[in-house]
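Remarks on the structure that follows.
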Ligand code: SF4
Ligand code: SF4
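Chains as they are written, first to last, in the working numbering: chain A, -13 to 375; chain B, 111 to 204.
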């Protein structure tokens, strides 16, 4: 998938009456990973290392049924993602189905696989918004990172179709060692493309990104400079482009509010129908997740053991349990706690209050560097090593 | 590109990809936009339903002042504050 920020499902309440919070709120967003197939091979891809191919994917009707249930359950936004969603031939049908249900339909795409005609069909079918990933602000480096010759030029074309259709465009950019010097240029570039929004995210280390961490992590100086330059664009482009900026985890003081809380607002559906609280959830051993082909979405949302495992705060340990920030960040990310300290219920070690926080500095010191080389490109088949430009 | 500013003769409208929805599950009106949704109170819904690209800001304010039998200045302040926040979020056109 081409986005590193969790779907932002923060209900922004402006001058309104507070709403009664029932015990379990309905989900507001669904990330539909239609397929793991993708022509690109980004080394920071958040998809799992082991991915099922086309023959394992759900058919059109199964997805349509899931979307129908999602709308009834209270989902407002459907994010069609992957892999590359345009790799599915039934994309137009799926978009039309969601639009017919009144779901807000977002396409998260690399652009590769779309044609002018197929895009016009998606727009006519009721697509609401496009998120287009870019790998860098310059062609040569962008195509090298994505492992796809001509990808950058294709994105320019796709952006112009989106503008012609009058649809809102968000640019997604993931920052790492190979493009960190041009983070702010990517914001400028997004403005030139006519984007209303940019999601600019320092790499979060899950899936392929975790696998490639030693080749992706920039130095603290590089990260901080990039961060400040992007923040400066906020003022420059106020009212022109909305900047959603995800700070570099390993150089932060507090963790992010991962997924706005586990199982609180959104669900991910894999190409095979498994329903997860986030795309990395299966990296936590021992959790039981249910499949939408076997159980109803409502049942899964309310009762799946995997969803219930880290809801509320009963599962929390110290220092989170007695921390006043626990309602703000929910103790950070479960998958990161699992990956880094081996306990998914532990305080996310990104937090400076975590007893294991020193680990983060150790990893950053070991894995961060300026030299760009040798990451493993994301592939459904097994990986090969890649040499630098 | 310069940032647009609200004037009495502006004709505000929700940009494409920004939609009002009466959410049957949450029993509230929401404004759907890329990657966000806002829960709306009754007055916000009244304001946004009038932002159809035809009605001028001044007309919208007059209309609401009449509907709520309220002071025009107060209504105008509410309308402007909502619309300005949406302009900043790139959800509104003039
Ligand atoms: S390889 Fe790149 S474009 Fe393809 S799904 Fe992963 S991040 Fe998205
Ligand atoms: S101790 Fe836990 S709840 Fe408190 S800030 Fe750190 S991660 Fe968040």
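All C-beta atoms in this analysis are idealised placements derived from N, C-alpha and C, irrespective of residue type, glycine included.
The region 257 to 264 of chain A makes contact with the region 281 to 293 of chain A, as at least three CB pairs between them are under 8 Å. Taking 8 Å as the cut-off, the beta carbon of residue 72(A) is found no closer than this to the beta carbon of residue 38(A). Under the Cβ distance rule, residue 199(B) counts among the residues neighbouring chain A, one pair being separated by less than 8 Å. Residue 26(A) places its beta carbon less than 8 Å from that of residue 132(A). For the region 122 to 139 of chain B, residues whose beta-carbon sits nearer than 9 Å to a beta-carbon of chain A comprise 125, 126, 127, 128, 129, 131, 133, 134, 135, 136, 137 and 138. In this structure residue 191(B) is exposed. Its beta-carbon is surrounded by fewer than 16 other beta-carbon atoms within 10 angstroms.
The shortest C-alpha to C-alpha distance from residue 234(A) to any of 251(A), 189(A), 218(A) and 130(A) is the one to 189(A). Taking the C-beta atoms as reference points, residue 200(B) is found nearer than 8 Å to residue 183(A).
Only buried fits residue 198(A), as 16 or more other CB atoms lie within 10 angstroms of its CB. Assignment of residue 201(B) by DSSP, reduced to helix, strand and coil, places it in the coil class.
The three-state secondary structure of residue 164(B), taken from DSSP, is coil. Among the CB atoms of chain A, none fall inside 8 Å of the CB of residue 178(B). Residues whose Cβ lies closer than 6 Å to any heavy atom of ligand 2, listed in chain order: 240(A), 241(A), 305(A), 306(A), 309(A), 311(A), 312(A), 315(A), 317(A), 318(A), 333(A), 334(A), 337(A) and 339(A). Neighbours of residue 142(B) in chain A, taken as residues at a C-beta separation under 8 Å, are given in chain order as 62, 63, 90 and 114.
Residues of chain B with a Cβ closer than 7 Å to the Cβ of residue 87(A) do not exist; the shortest Cβ-Cβ separation is about 11 Å. Judged by the Cβ position, residue 35(A) fails to qualify as a neighbour of ligand 1 at the 7 Å threshold, every heavy atom of the ligand being at least this far.
The beta carbons of residue 130(B) and residue 141(B) sit closer together than 8 Å. Inter-residue distance for residue 202(B) and residue 123(B) is about 6 Å (C-alpha atoms, whole angstroms). DSSP assignment within the region 320 to 360 of chain A yields no whole beta strand (DSSP E) run of 3 residues or more.
Between residue 344(A) and residue 336(A), the alpha-carbon positions lie close to 9 Å from each other. Remark: the C-beta of residue 364(A) is in contact range of ligand 1, defined as less than 7 Å to any heavy atom. Sorting 226(A), 141(A) and 79(A) by C-alpha distance to the C-alpha of residue 101(A) places 141(A) at the top.
Residue state for residue 266(A) is assigned as coil, using DSSP reduced to three classes. Around the Cβ of residue 143(B), a 10 Å sphere holds 16 or more other Cβ atoms; the residue is buried. The closest heavy atom of ligand 1 lies 7 Å or more from the beta carbon of residue 136(A). Our two residues, residue 193(A) and residue 362(A), have alpha carbons roughly 12 Å apart in a direct line. Taken through DSSP and simplified to helix, strand or coil, residue 147(B) comes out as strand.
Going by DSSP, residue 252(A) is part of the beta strand (DSSP E) stretching over 252 to 255. Around the CB of residue 221(A), fewer than 16 other CB atoms lie within 10 Å, so the residue is classed as exposed.
Here DSSP, grouped into helix, strand and coil, assigns residue 119(A) to strand. Note that the C-beta distance between residue 179(A) and residue 153(A) is not below 8 Å.
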